[in-house]
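Accompanying notes for the structure given below.
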Amino acid sequence: MSEMQFCQSCAMPLKNDVLGTEKDGAPNHDYCSYCYKDGEFTAPIGMDEMIEVCIAPMLEANEGMTEEQARAGLKAFFPTLKRWKKA
């Protein structure tokens, strides 16, 4: 089985039904459709803002996790994602 792929912007698990799209409609395998559509990011947002947006879905998907645990985990993981990596 292949390794789980995550959106390189919001860390959402990537499945074919949520892939972002290029300008020509081709699927983009790096980003989800919530973050990337028609060849561009859907919102001008910074990493810290994106982390705050992602806390609620993270808590919903991980029963028993606290907001502080979710925030700490996202702050550790996000800098490894393509969109937020420092060049």
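Each residue of the sequence shown is one higher than the one before, counting from -11 in the numbering used here.
We put the CB at the ideal spot given by N, CA and C, even for glycine.
Residue range 35 to 49 is occupied by the alpha helix (DSSP H) that includes residue 42.
With a contact defined as Cβ atoms closer than 8 Å, residue 62 and residue 42 qualify at about 6 Å.
Inter-residue distance for residue 35 and residue -2 is about 9 Å (C-alpha atoms, whole angstroms). When secondary structure is reduced to three states using DSSP, residue 5 falls in the helix class. Counted as a single uninterrupted DSSP element, the beta strand (DSSP E) harbouring residue 19 occupies residues 15 to 20.
Its chain contains no residue whose beta carbon lies nearer than 8 Å to that of residue 14 once the 5 sequence neighbours on both sides are disregarded. Distance check between residue 6 and each of 58, 22, 38 and 67 places 22 closest, using alpha-carbon atoms only.
In this chain, residue 69 is not harboured by any alpha helix (DSSP H), its DSSP state being neither H nor E.
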